[in-house]
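Asker: I am attaching a structure below and will ask some questions about it afterwards.
Protein chains: 2
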Amino acid sequence: MITTQAYAHVCAKPKKHVDKTPMTKSGPGIKTQNITSADVARLAGVSRSTVSRCFKKDSRISDNTRKRVLEISDQLGYQVNKLARSMSTKESDLVGLVSSGLHDPFAVILVDQLISTLQKMGLHPILLDASNETQLDISIKKLAQYQVKSIVITSGSPSSSIGAKFINRDIPVILLNRAGQLDQANLINCDNQKGAMLAAQALIDAGHKKLAFINSSFSTFSGVSRRDFFEQTLALKTSTGDVTLEKINVDETGYEAGFKAALKTLSQPDHPTGFFCATDNIAFGFMDAARYEMGKKIPDDVSVIGFDDLPLSARPTYDLTTIKQCPNDLAKAVAECIDKIDSTSERTRKIIPVSLIKRKTITAPPQEPSGKPSLKD
Amino acid sequence: MITTQAYAHVCAKPKKHVDKTPMTKSGPGIKTQNITSADVARLAGVSRSTVSRCFKKDSRISDNTRKRVLEISDQLGYQVNKLARSMSTKESDLVGLVSSGLHDPFAVILVDQLISTLQKMGLHPILLDASNETQLDISIKKLAQYQVKSIVITSGSPSSSIGAKFINRDIPVILLNRAGQLDQANLINCDNQKGAMLAAQALIDAGHKKLAFINSSFSTFSGVSRRDFFEQTLALKTSTGDVTLEKINVDETGYEAGFKAALKTLSQPDHPTGFFCATDNIAFGFMDAARYEMGKKIPDDVSVIGFDDLPLSARPTYDLTTIKQCPNDLAKAVAECIDKIDSTSERTRKIIPVSLIKRKTITAPPQEPSGKPSLKD
DNA sequence: TTGAATTGTGCACACGTTTGCACAATTTGG
DNA sequence: CCAAATTGTGCAAACGTGTGCACAATTCAA
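Protein sequences, first through last, are from chains A and B.
For the first sequence, the UniProt record's numbering begins at 1 and goes up steadily by one.
For the second sequence, the UniProt record's numbering begins at 1 and goes up steadily by one.
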C-alpha cells in the first residue's frame, strides 16, 4: 500500500533535535538558492519554528537563542519571504494603487503623498496604470491576485460588475476624489461644493457679471462636480439675469484644454471676464493662451481662478488665485481608512476641507467691453 | 509509532476520484473565505491539478474540461493566487521601482514611462520612496522580501555592503541615470557627455565668452556628470583665457536651486551671460528669478540652456532651449534589460542618445557689460 | 485481437512561513 | 520533596499553487 519513499520518511522515528531541513543544494546552477529560515535554523541548531518566532515581538523565546538566531540571520543576509508569510497568515502588506498615469500634476502630488504615507505604515503600493474603464477592471483583477490588503483608486471608477465580484468579497476599495456609484466602497473627497462656492464668491465679489467655467470634456467626477456646484451657487443670480454663466468643455485634457478654451472663448467680442477653471493645470493653459496668443492682460482683461493649488501656481509666472486642496490631508484620510479597515465593516465617508488662496489673477472687470478702450481712467 | 490522526489519513486508501478538498467553511465570519482552485475543482468535478493546468497554454487538457473549468472559474470570480504561484514556481511578476519621491519632474515622467512599459510586459512595480542612502538600503531589503524579479533604481546608489549581500545573490539591479560603483548592476544612462558638449557648443556658437554651470549641491550623478563633461568640453578655450567658466552650486534642489542661483549670480556686475543648467527644472527657477526678481530679459540679457526637455519647456512662458533625453527610450532599455535577465548573466551597459532642441532662450550676448546700456543699436 | 503509442487526469510533494499543541526543563509554592 | 505553574522549543499541519510521475482510457498500428 505504501509505495513512495516519502511515506517511509514521514513515518520514520523522529530524530533527536533536528527537524527535516533538506540541505539547500549548492549545485553548479548560476542562480544560487535563496536563504530560508531552514538555513539559519540549521546553523543556529534550532528548529524553523524558533527562527520564525525570533522575528516576532511577543514570542516566548529565550534572550540567548533570539540573539544567536538574529545574529546568524544577519550574517547570512536572511530576509523573511513575505510571500510565504502572507500565505500562512493570510495578511498582506501590499496595497494596490491605481492611477491614470502621471500626466495630471495633481495626481502626481497625490500619488507621491500616498506612497510615502503608506510606506510609513509599513505598506507597499503596487502601482498600476488605468487609463480607461476596462483597464481599471483588469487592474483590479490583477491586484486581487496579489491578495492586496486594499485598493486605492485615484482615477476612474470600477464597473459595478467587477465591484460585485471582487470588492464585495473581501478587498476593501477606497475611492479618492471619485464618483461613488459603488456604495460598498470607501469614499474620500475634497470639498468640491465649498470650493466651487468660494470660487463663485471671489469672482462675484470682484464685480464680475459674465462668468465661465472651463473644463475638459474628458474630465471625470471632480470636474463635473465642481461645475455643478458652481452653477448651483450662482443659480439665484443667473435666474435674475444679473449674472451669466458659460460652461465650456474642450476635447483635450489639462493644459491643452485650457489653452484651446482660451483661443475659442476670448475671440468672441463680448466674452466672459471671470473664469473658473476646473483645475490649476487647465488654468495654466488658459492663461498662456490668453496672454501669448490673444494678447490679454491678466488680471486686467480677464480674471482667472483655479482649483488644486499646485506648486506652479505660486510661482511668479502664474501667481494664480485658486482653491487649495491638500493632498497630504487626503493621504492621511486614506491611512486612517486603511487602519480601521479590518476592525470595522462600516464604510468611510469623508470630506476634506478646501480653502481660497488669494493671489494675483483676480481683479475687477474692465469698465468697457473689450475692443472699445475706455476713455476715462 | 504512528500517533497522530494525520498519519492515518495520509496512509489511508485513496478514495475514488475526489482528492481531499476540505469544504471552505462558510461560517458566520464577516470576511468570506477566498475562492481557491479547490472550489472550482469541486464544482467542476475535477482535481486541483486540472484546474491549475487549465490556466496554462501548453498543458494537455481536453477542450471540454478546459472550457468547463474556465467557465466555472469566471462564474465564481476565481483569480489565481499569485503569491502561492510564486512560491511554487519561484518566479515573480513583481518588480521593485525605487525613486526619491516624485518631486523632480523628470523623475515623474520617467517613472510614468516605466510603469506603463512594465505593465505591458505583464510586470507589476512595487514603488518605494528612497530619499536618502540608508532609506535606499532598507528599500532594497524590503523588495528582496517580496522576491521581486528585479529592482530598478532611479535615485541614489545602493551601498556596496547591501550590494554584496543582495544584489550579488540573485536579484538583478538596474541603475537608471545613476553612478555605478556597483559593477554587478546593470547600467543605463543618457548620454551626458554628448549633451554637455551640445550645450557648450550652442552657447559658444552664439558668441558667449562668460559661461556658467548651475547645479544643486545635492545633485547626484547626472548633474555632476554633466558639469564634468561641460568643463571638459570647454577645457581648450578656458585654458587660453578665451572663455571663462563659473561653476555654481546652490544648497537647494530643482526650481529653488535655479532661483537662488540667479539671485546670487546676476547681482554681480560682470556676471556670466551664458548659462547651462543641470536640469530644465533648475532653468525654470533661474529664468523666473532672472526675469521677475532681477529684471533681466531672456535671451537678450542672458542666454539659458537646460537639460531634459520637459513638457513645460516647450510652453510659451519658458520656450527653453534644452538637451532632450527621451524617457521612453530609457524605459525601453530597462524592458530589454529585464527581458534578457534570466537568459544571460552578462551586465547591460547602455547609453541613450540625446539631442539639442533649439528654442528661444539663446542668442548673442549683449554688446556692453550689463549695467552700462549700449548707446548704439 | 493484442501491444504500443497517445491523451487526459489524479496523487503527492514542494515552495517557505506561521502557529496550535505537546512536552521537556526549569522554577515556584506549600 | 512533590505538585503546579512557567518557560522554551519542536512537531506537524496549513496556506494555495505547480508539476513529475503514475496510471486509466482511448486511439492506432499490425
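Note that the Cβ used here is the ideal one computed from N, Cα and C, for glycine as well.
As the structure is a computational prediction, the values presented were derived from the model and not from experiment.
Using a C-beta to C-beta distance shorter than 7 angstroms, which residues of chain B count as neighbours of Val80/A?
Answerer: Going along chain B in sequence order, the residues near Val80/A (Cβ under 7 angstroms) are Gln145.
Asker: Could you name the residues that DSSP lists as bridge partners for Thr279/B?
Answerer: Answer is none; Thr279/B lacks a bridge partner.
Asker: Run the CB neighbour count on Phe218/B, radius 10 Å, all protein chains shown included, and call it buried at 16 or more, exposed below.
Answerer: Exposed, by the Cβ-count rule.
Asker: Taking only runs of the beta strand (DSSP E) that begin and end inside the region 85-173 of chain A, which ones reach a length of at least 3 residues, in chain order?
Answerer: The region 85-173 of chain A contains these whole beta strand (DSSP E) runs: 94-99, 124-129 and 150-153.
Asker: At what residues does the beta strand (DSSP E) containing Ser355/A begin and finish?
Answerer: Start and end: Val354 to Ile357.
Asker: Please tell me whether Lys149/B has its Cβ less than 8 angstroms away from any Cβ of chain A.
Answerer: Not an interface residue.
Asker: On the three-pair Cβ rule with 8 angstroms, is the region 60-77 of chain A touching the region 112-129 of chain A?
Answerer: The region 60-77 of chain A, when compared against the region 112-129 of chain A, does not touch it at the 8 angstroms Cβ threshold.
Asker: So, does the CB of Gly101/B fall closer than 8 angstroms to a CB anywhere in chain A?
Answerer: Answer yes: the Cβ-Cβ gap between Gly101/B and chain A drops below 8 angstroms somewhere.
Asker: In chain order, what residues of the same chain have a beta carbon less than 8 angstroms from the beta carbon of Met121/A, not counting five sequence neighbours either side?
Answerer: Closer than 8 angstroms at the Cβ level, and outside the excluded window around Met121/A, lie Ala335, Ile338 and Asp339.
Asker: Look at the Cβ atom of Leu330/A, then the Cβ atom of Ser86/B, and state whether they are nearer than 8 angstroms.
Answerer: Contact flag unset, no.
Asker: Measure the alpha-carbon distance for Arg349/A versus Val152/A and round it to whole angstroms.
Answerer: Rounded to the nearest angstrom, the two C-alpha atoms are 14 angstroms apart.
Asker: Given that a residue counts as buried once 16 or more other Cβ atoms are within 10 Å of its Cβ, and exposed if not, what is Lys360/A?
Answerer: Exposed is the call here.
Asker: Compare the Cα-Cα distances from Lys260/A to each of Thr240/A, Phe229/A, Glu293/A and Thr238/A and report the closest residue.
Answerer: Ranking Thr240/A, Phe229/A, Glu293/A and Thr238/A by Cα distance to Lys260/A puts Glu293/A first.
Asker: Relative to chain A, which residues along the region 281-295 of chain B have a C-beta separation below 7 angstroms, given in chain order?
Answerer: Answer in chain order: Asp288 and Tyr292.
Asker: Output needed for Lys358/A: all residues of its chain with C-beta closer than 7 angstroms, excluding positions within five of it in sequence on either side, in chain order.
Answerer: Excluding residues within five positions, the ones whose Cβ falls inside 7 angstroms are Thr321.
Asker: Quick check for students: name the residue ranges of the alpha helix (DSSP H) that lie wholly in the UniProt domain "HTH lacI-type" (35-89) of chain A, counting only runs of 4 or more.
Answerer: For the UniProt domain "HTH lacI-type" (35-89) of chain A, whole alpha helix (DSSP H) runs of length 4 or above, ordered along the chain, are 37-44, 48-54, 63-76 and 82-89.
Asker: Which first and last residues belong to the beta strand (DSSP E) in which Thr253/A is found?
Answerer: Premise fails: Thr253/A is in no beta strand (DSSP E) and is neither H nor E.
Asker: Does DSSP put Pro365/A in a helix, a strand or coil?
Answerer: Three-state DSSP puts Pro365/A in coil, outside helix and strand.
Asker: Where do the ends of the beta strand (DSSP E) carrying Val304/B lie?
Answerer: Start and end: Ser303 to Asp308.
Asker: Chain B beta carbons: is any one of them nearer than 8 angstroms to that of Gly27/A?
Answerer: Because Gly27/A sits at a pLDDT of 33, beneath the cut-off of 50, its placement in the model cannot be relied upon, and the point is left open.
Asker: In angstroms with no decimal places, state the Cα-to-Cα distance between Ser139/B and Ser49/A.
Answerer: So the two alpha carbons sit approximately 26 angstroms from each other.
Asker: Among Asn281/A, Val243/A, Thr273/A and Ser92/A, which residue has its Cα nearest to the Cα of Ile171/A?
Answerer: Out of Asn281/A, Val243/A, Thr273/A and Ser92/A, Ser92/A has the C-alpha closest to the C-alpha of Ile171/A.
Asker: For the alpha helix (DSSP H) that contains Gln193/A, what are its first and last residues?
Answerer: Gln193/A -> alpha helix (DSSP H) spans Asn192 to Asp205.
Asker: Less than 8 angstroms between CB atoms is the rule here; does Lys332/B satisfy it with respect to chain A?
Answerer: By this cut-off, Lys332/B is not an interface position.
Asker: Within 10 Å of its beta-carbon, does Thr240/A have 16 or more other beta-carbons around it, so buried, or fewer, so exposed?
Answerer: By the neighbour-count rule (16 or more Cβ atoms within 10 Å), Thr240/A is not buried but exposed.
Asker: Using the beta-carbon of each residue, which ones in chain B are nearer than 7 angstroms to Met87/A?
Answerer: The answer, in chain order, is Leu83, Ala84 and Met87.
Asker: Contact criterion: CB-CB distance below 8 angstroms. Does Pro125/A meet it with respect to chain B?
Answerer: Interface residue, yes.
Asker: Give me the DSSP bridge partner(s) of Thr321/A.
Answerer: Per DSSP, none; premise fails for Thr321/A.
Asker: Could you give the first and the last residue of the continuous beta strand (DSSP E) run that contains Ser216/A?
Answerer: Residues Lys210 to Ser216.
Asker: Find the nearest neighbour of Val148/B within the set Asp242/B, Leu97/B and Val51/B, judged by alpha-carbon distance.
Answerer: Cα-wise, what sits closest to Val148/B is Leu97/B.
Asker: Please list the residues of the region 310-326 of chain A that have a C-beta atom closer than 7 angstroms to any C-beta atom in chain B, keeping them in chain order.
Answerer: Those would be Arg315, Pro316 and Thr317, in chain order.
Asker: Taking only beta-carbon positions, decide if Thr21/B is within less than 8 angstroms of chain A.
Answerer: Unreliable placement is indicated for Thr21/B, whose pLDDT of 42 sits below 50; no coordinate value is reported for it.
Asker: Can the beta-carbon of Val302/A be found less than 8 angstroms from the beta-carbon of Thr279/A?
Answerer: Not a contact, by the Cβ cut-off of 8 angstroms.
Asker: Verify whether the separation of the beta carbon atoms of Asp104/A and Asn281/A is less than 8 angstroms.
Answerer: In this structure, Asn281/A lies closer than 8 angstroms to Asp104/A by Cβ.
Asker: Excluding the five sequence neighbours on either side, which residues of its own chain have a C-beta within less than 6 angstroms of the C-beta of Asn328/A, listed in chain order?
Answerer: Counting only Cβ-Cβ distances below 6 angstroms, and skipping sequence neighbours, we find Gln113.
Asker: Kindly identify the DSSP beta-bridge partner or partners of Glu246/B.
Answerer: Looking at the DSSP assignment, Glu246/B forms a beta bridge with Ala212/B.
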